[in-house]
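The structure under discussion appears below in the form of structure tokens.
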Amino acid sequence: LEARLEQAAMLKRVVDAIKDLVQDCNFDCNDSGIALQAMDNSHVALVSMMLKSESFSPFRCDRNIALGINLTSLTKVLRAAQGDDILTLKAEDAPDVVNLTFESPESDRLSEYDIKLMDIDQEHLGIPDTEYAATITLPSSEFSRITRDLSALSESVAIECTKEGVKFTCTGDIGNGSVSLRQHTNVENDAKSVDISLTEPVALTFSLKYLVNFCKAAGLSDRVRLCLSNEVPLLVEYGLSNNSYLRFYLAPKIGD
Amino acid sequence: TSHQVKLLAFFNDR
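Chains as they are written, first to last, in the working numbering: chain A, 1 to 256; chain B, 1001 to 1014.
See below:
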């Protein structure tokens, strides 16, 4: 494997966004790119990352390899990279280590690190293709604000989507709260628009603790997409350039 | 009250 990223910031942000949710992960490398799928310890949330080969220049992967990496270790090493450094990942066939180099674009500084790999026996889940009943695309900062504000009151949020819009509601010991958003096109700045596409109304309840965690990815993209269908996991997607993405799935809470 | 469902209830274990 040899994969060169123009900006180390992208990998730094991705790892930062997921390291509190999952710890030991296989980075599955093949000629289409680098993928990661891992569930949190409670088996309630799942991270699915895809960094397409087009996000790297150049990208070469001659044989499929799984790089088992501890994200705390990776975070320690990535801290040594500046956001605008050029980052190159390298691994041999059947590797013991993954090699990372950080090149400063404006000086001759080159740093180089090896991280020991681990054997990770990871459950790999088959995620069915789903036609979601509701898809909401909103500013990622807005979604972060909603989850943060409501998590101060309650452990859970009900998300209801109808043709009127989407409503986030919570009930807690001190009282209750809600935030409603309507479909809205911001003509000056499309990134601030709220798009709702609905085939049937949905109402689902989720744990806010996980949603707050997912929002650590907000720095990766101006926009976030929420996909919901009744009685299936929520999909929260942060799109990256070149069709790469960071997705989170969260199992719902269901009434007794 | 509601209880938390696990992902394995929805996704296949490969």
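We put the beta carbon where it would ideally sit given N, CA and C, even for glycine.
query                                                                                                                          : result
Contact under 7 Å by Cβ, A:Val-232 with B:Gln-1004                                                                             : no
Within-7 Å CB hit, A:Ala-251 to chain B                                                                                        : yes
Cβ neighbour criterion (16 or more within 10 Å) applied to A:Ile-174                                                           : exposed
Member of A:Ile-136, A:Gln-82, A:Leu-125 and A:Val-22 whose CA lies at the smallest distance from the CA of A:Arg-182          : A:Ile-136
Chain-ordered chain B contacts of A:Ile-254 [CB-CB under 7 Å]                                                                  : Ser-1002, His-1003 and Val-1005
Burial state of A:Leu-110, where buried means 16 or more other Cβ atoms lie within 10 Å                                        : exposed
Within 7 Å of chain B by C-beta, residues of the segment 43 to 61 of chain A in sequence order                                 : His-43, Val-44 and Leu-46
Buried or exposed (CB count within 10 angstroms, at least 16 for buried), A:Met-118                                            : exposed
Within-7 Å CB hit, A:Leu-153 to chain B                                                                                        : no
Min CB distance A:Val-15 to chain B below 7 Å                                                                                  : no
Inter-residue CB distance, A:Pro-95 and A:Ile-65 (contact presumed, cutoff 8 Å)                                                : 7 Å
Any C-beta of chain B under 7 Å from that of A:Leu-234                                                                         : no
Helix, strand or coil at A:Gly-83 [DSSP, three-state]                                                                          : coil
Pair within 7 Å by beta-carbon distance, A:Ala-134 and A:Leu-228                                                               : yes
At least three beta-carbon pairs within less than 8 Å, the segment 230 to 250 of chain A to the segment 45 to 54 of chain A    : yes
Amino acids of chain B, ordered along the chain, whose beta-carbon sits closer than 9 Å to that of A:Thr-205                   : Ser-1002
Beta-carbon gap between A:Thr-101 and A:Glu-112 smaller than 7 Å                                                               : yes
Contacts that A:Met-39 makes with chain B (C-beta to C-beta distance below 8 Å)                                                : Leu-1007
Chain B contacts made by the segment 121 to 146 of chain A, where a contact means CB separation under 9 Å                      : Glu-123, His-124, Leu-125, Gly-126, Ile-127 and Pro-128
Distance between A:Leu-211 and A:Thr-147 (C-alpha atoms, nearest Å)                                                            : 7 Å
Among A:Glu-2, A:Ile-196 and A:Ile-18, the one whose alpha carbon lies nearest that of A:Cys-161                               : A:Ile-196
From A:Val-179, A:Lys-216, A:Val-157 and A:Lys-192, residue whose alpha carbon lies closest to that of A:Leu-234               : A:Val-157
Integer Cβ distance of A:Arg-63 from A:Asp-28, believed to fall under 8 Å                                                      : Contact flag wrong, Cβ pair sits at about 12 Å.
Endpoints, the alpha helix (DSSP H) within which A:Asp-28 is located                                                           : From DSSP, A:Asp-28 is part of no alpha helix (DSSP H) but of the beta strand (DSSP E) over 24 to 30.
Inter-stretch contact (C-beta, 8 Å, three-pair minimum) for the segment 81 to 88 of chain A and the segment 3 to 11 of chain A : yes
Whole-number beta carbon distance between A:Leu-153 and A:Gly-172, since they are thought to touch under 8 Å                   : 4 Å
The segment 51 to 61 of chain A / the segment 235 to 244 of chain A touching (three or more Cβ pairs under 8 Å)                : yes
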